[in-house]
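Take a look at the structure below.
In our numbering, the protein residues as written are 40 to 225.
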């Protein structure tokens with residue numbers, strides 16, 4: 040017993056012993072916290088600051104609505120302004136919703152029943168590695184009127200790829216499919 044008391048008379052040993060005890064305490068606490076921590080659920084962000092996607096959904100929705108409004112109004116300049124430069128070069132006269140002169144056959148053309156998915160963000164898209172992009176699917180109906188009578192109501196599905204350029208979300212790719220024609224009342 041006197042040996043232990045003699046050991047503690049030296050302050051160096053006491054400080055060393057306290058440092059070892061503190062290190063063991065913090066090591067034990069950190070191990071216990073790791074053991075009780077629940078793993079993230081599938082799809083949950085692991086490191087929020089690193090994996091947080093751009094969440095400017097509203098800007099993408101505005102671009103989508105302006106794009107569809109331009110297609111329905113046959114405003115080719117407005118549509119082209121919403122496309123990236125590379126997609127603008129791929130966009131042909133057949134890419135527009137209406138053939139040249141088709142709008143003149145109708146008194147009114149109206150976008151109706153727009154439904155779309157939530158944007159899915161990724162930076163691993165083929166050919167665009169590291170560039171933030173968003174993919175969105177939209178389904179919409181376009182009503183064609185002659186006077187007050189609805190004469191045609193085709194439905195389309197369009198898949199769009201958006202890319203952020205200089206703070207704006209532009210359309211970098213699109214694929215439109217004809218879904219069907221709505222039945223009209225006689």
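Every residue, glycine too, gets a C-beta built ideally from N, C-alpha and C.
Query	Result
Please state the DSSP three-state secondary structure of residue 138.	coil
Which residue comes first and which comes last in the beta strand (DSSP E) that contains residue 96?	It is not in any beta strand (DSSP E) - residue 96 instead sits in the alpha helix (DSSP H) that spans 96-111.
In the DSSP assignment, what are the bridge partners of residue 199?	175 and 213
Among 216, 132, 189 and 212, which has the Cα closest to the Cα of residue 125?	212
Using three-state DSSP, classify residue 170 as helix, strand or coil.	coil
Looking only at DSSP bridge pairs, what is residue 151 linked to?	180
Taking residue 150 and residue 179 to be in contact with their CB atoms under 8 Å, please state how far apart those CB atoms are, rounded to whole angstroms.	6 Å
Express the C-alpha separation of residue 193 and residue 145 in angstroms, rounding to a whole number.	14 Å
Classify residue 119 as helix, strand or coil using the three-state DSSP reduction.	helix
Closer than 6 Å by C-beta to residue 98: which residues in its own chain qualify, once you throw out the five before and the five after it? Chain order, please.	208
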